[in-house]
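These notes are about the structure you will find just below.
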Amino acid sequence: MKKATLLVLLIFTSLHIVSQENEKQYPQDIDKSYELKLNTFSLIAISSLDVSYEKLINSESSYGVAIFYKFTDLEGDEIGFPKKFSVTPYYRWFFSESKYARGFFVEGFGMLNTYQDIFYNSSNNQDRVENATGFALGVSVGGKFVTKGGFSTEVYLGVGRNLIKGNNDSFDLDIVTRFGISLGYRF
Numbered sequence: 001m002k003k004a005t006l007l008v009l010l011i012f013t014s015l016h017i018v019s020q021e022n023e024k025q026y027p028q029d030i031d032k033s034y035e036l037k038l039n040t041f042s043l044i045a046i047s048s049l050d051v052s053y054e055k056l057i058n059s060e061s062s063y064g065v066a067i068f069y070k071f072t073d074l075e076g077d078e079i080g081f082p083k084k085f086s087v088t089p090y091y092r093w094f095f096s097e098s099k100y101a102r103g104f105f106v107e108g109f110g111m112l113n114t115y116q117d118i119f120y121n122s123s124n125n126q127d128r129v130e131n132a133t134g135f136a137l138g139v140s141v142g143g144k145f146v147t148k149g150g151f152s153t154e155v156y157l158g159v160g161r162n163l164i165k166g167n168n169d170s171f172d173l174d175i176v177t178r179f180g181i182s183l184g185y186r187f
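Structure follows, in structure tokens:
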């Protein structure tokens, strides 16, 4: 009987020690289930603001929303990034078995997007700006890395197809993209 009691006590003690080791090894995972992120690539390369808010559901999944706004309008002969505004809800599935909502992920997203483009009218030698709105569904892949202090970095790339397009036939809005290099904080 003493041996059985000692064995049970030893098992429970070792389980407690293992759980404490995991807490010390990954402190960024304890009681932190939200992230706020800024897409620095969009800020630098396209002069736009792309902010994301993400809720961690469990160690394998999360959901969130990203809001994109481009500050500048297209002018004249400028060739640029035509997306003006988007709201993108998403769901992520992480493949890391030992880390809480980080590592390689696959994402499904929906995107309500507004595009702006310039068309040249040769009859009166003037440019006209036109806007179009659409709704797309798509997938992304990426990776997320989180420091012990809770700071996060993620890189992702995705593509989707506009299922609903505005009534403007001038635009070719069949494909939408989602890409970024984001810096954030898990809290």
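Residues in the sequence shown are numbered from 1 upward in steps of one, following UniProt numbering.
Beta carbons are placed, not taken as given, at the ideal position from N, Cα and C, and that holds for glycine.
This structure is a prediction, so every number in the text was calculated from the model and none was measured.
Item: Apart from the five residues just before and just after ARG92, which ones in its own chain have a Cβ nearer than 6 Å to its Cβ?; Value: SER62, PHE105 and GLU107
Item: Counting Cβ pairs, one atom from each stretch, are 3 or more of them under 8 Å apart for the segment 146-164 and the segment 64-73?; Value: no
Item: Would you kindly work out how many angstroms separate the C-alpha atoms of LEU49 and ASN113, rounded to a whole number?; Value: 14 Å
Item: Residue range of the alpha helix (DSSP H) that residue 203 falls in?; Value: Past the edges of the chain, shown from 1 to 187, lies residue 203, and the structure says nothing about it.
Item: When DSSP labels each residue in this structure, what does ILE57 get in the three-state scheme?; Value: coil
Item: So what's ALA66 in DSSP terms, helix, strand or just coil?; Value: strand
Item: Could you check the C-alpha separation between THR177 and ASP117 for me, to the nearest Å?; Value: 16 Å
Item: For LEU36, collect the residues of the same chain with a Cβ closer than 7 Å to its Cβ; drop the 5 residues on either side in sequence, then sort them by chain order.; Value: TYR53, GLY184 and TYR185
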